[in-house]
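**Q**
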Amino acid sequence: MTTILPFFQVSVSVLLIALVLLQPRGSGLGSAFGGDTMLFASRRGIQQKIHWLTVFSGFSFIALALLSLLA
């Protein structure tokens, strides 16, 4: 178990980096601090799928990191 966990963590981290790089330029952390010009615009199509895959990958990375601390 402890030898397989780092492999999954590296795989998820590479996927997370790729998904963050695929996101549109205007959807960074600046929107969290009030710098978002498209406040009420909704994501559609592939942008929405990339967004949710990024969120899922981020949570998966955190879960794997916590799991590797416990193992």
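Residue numbers (this note's numbering): 69 to 139. By construction, the Cβ of each residue, glycine as well, lies at the ideal position given by its N, Cα and C atoms. Just so we're clear, the structure is a prediction, and the values are computed from it rather than from any experiment.
Which value, in whole angstroms, describes the spacing of the CA atoms of residue 119 and residue 91?
**A** Rounded to the nearest angstrom, the two C-alpha atoms are 7 Å apart.
**Q** Hey, out of 123, 111 and 110, whose CA is closest to residue 85's CA?
**A** Residue 123 is the option with its Cα nearest to residue 85.
**Q** With C-beta atoms as the reference, is residue 125 less than 7 Å away from residue 83?
**A** Contact: yes.
**Q** Can you tell me whether residue 80 is buried or exposed? The criterion is at least 16 other CB atoms within 10 Å of its CB, across all chains shown.
**A** Result: buried.
**Q** Identify which residue in 72, 77 and 116 has its Cα closest to the Cα of residue 132.
**A** The option with the nearest alpha carbon to residue 132 is 77.
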